[in-house]
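Enquirer: Have a look at the structure that comes next, please.
Numbering (the numbering used here), first residue to last: 36 to 178.
Here you go:
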C-alpha cells in the first residue's frame with residue numbers, strides 16, 4: 036500500500052527519483068499514465084494488469100469504457116526504474132500534468148500519483164471543505 040506525501044524534483048532530463056519507501060514495490064516495473072484532475076498515475080505492473088483486465092471485461096458496446104480505455108492505454112508508458120530509483124516521465128505526460136521542477140508524489144493506496152506542486156496545493160485548498168463532507172458517502176457508516 037502506498038501512503039504519504041513526498042516532494043521530489045524533476046531533473047533536466049525529465050526524470051523523477053521515486054520516494055525510497057515506494058521503490059521496493061515499484062522495482063519490478065511501473066506504468067505511468069494520465070490520471071484524473073491532471074495528475075499522473077503510477078501503477079506497479081501487477082496492479083496495472085489487474086485494471087487492464089477489468090477494462091477488457093467491459094463490453095465493447097460501452098462508449099464510456101471505450102473512451103476511457105483509449106486515453107488510459109494510449110497515454111501509458113511502461114518502464115523499470117533504474118538502480119537509483121529513477122523513472123523518466125515522457126514529454127506528453129509532463130505536458131498533460133503541467134509538471135515543472137517541483138513535484139508532489141503521493142501514495143494513493145494501490146497507486147502513486149504525481150502532481151505539479153502548485154496544482155496539488157490548489158487541489159488541496161479547493162477540496163479541504165469537501166473532504167469533511169464526503170466521508171459518509173465514501174465510507175458508509177463512517178470511520
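For each residue, glycine too, the CB sits at the ideal point set by N, CA and C.
With a 10 Å radius around its C-beta and 16 neighbouring C-beta atoms as the bar for buried, classify residue 79 as buried or exposed.
Expert: If you number the chain shown from 1, residue 79 lands on position 44. The residue is buried, with at least 16 neighbouring Cβ atoms inside 10 Å.
Enquirer: Alpha carbon to alpha carbon, how far is residue 173 from residue 163? Give it in angstroms, no decimals.
Expert: Walking along the chain shown from the start, residue 163 turns up at place 128. Walking along the chain shown from the start, residue 173 turns up at place 138. Straight-line Cα distance between these residues: approximately 15 Å.
Enquirer: Is the beta carbon of residue 51 closer than 8 Å to that of residue 132?
Expert: Start at 1 with the first residue of the chain shown, and residue 132 comes out as number 97. Start at 1 with the first residue of the chain shown, and residue 51 comes out as number 16. Against a cut-off of 8 Å, the Cβ pair of residue 51 and residue 132 comes out as no contact.
Enquirer: How far does the alpha helix (DSSP H) with residue 81 in it extend, from its first residue to its last?
Expert: Mapped onto the chain shown, residue 81 falls at position 46. Segment 80–91, the alpha helix (DSSP H) holding residue 81.
Enquirer: Could you tell me which residues DSSP pairs with residue 70 in its beta bridges?
Expert: The count along the chain shown starts at 1 and reaches residue 70 at position 35. Beta-bridge pairing links residue 70 to no other residue.
Enquirer: Return the chain-ordered list of same chain residues with a C-beta closer than 7 Å to the C-beta of residue 70, the five sequence neighbours on each side being excluded.
Expert: For the purposes of this step, residue 70 is identified with residue 35 of the chain shown, where counting begins at 1. Closer than 7 Å at the Cβ level, and outside the excluded window around residue 70, lie 76 and 148.
Enquirer: Just how far apart, CA to CA, sit residue 126 and residue 150?
Expert: Taking the first residue of the chain shown as position 1, residue 126 is located at position 91. Taking the first residue of the chain shown as position 1, residue 150 is located at position 115. Roughly 15 Å between the two C-alpha positions.
Enquirer: So, residue 138 versus residue 152, is the Cβ gap smaller than 8 Å?
Expert: Reading the chain shown from its first residue, position 103 is the one you call residue 138. Reading the chain shown from its first residue, position 117 is the one you call residue 152. Closer than 8 Å, so yes.
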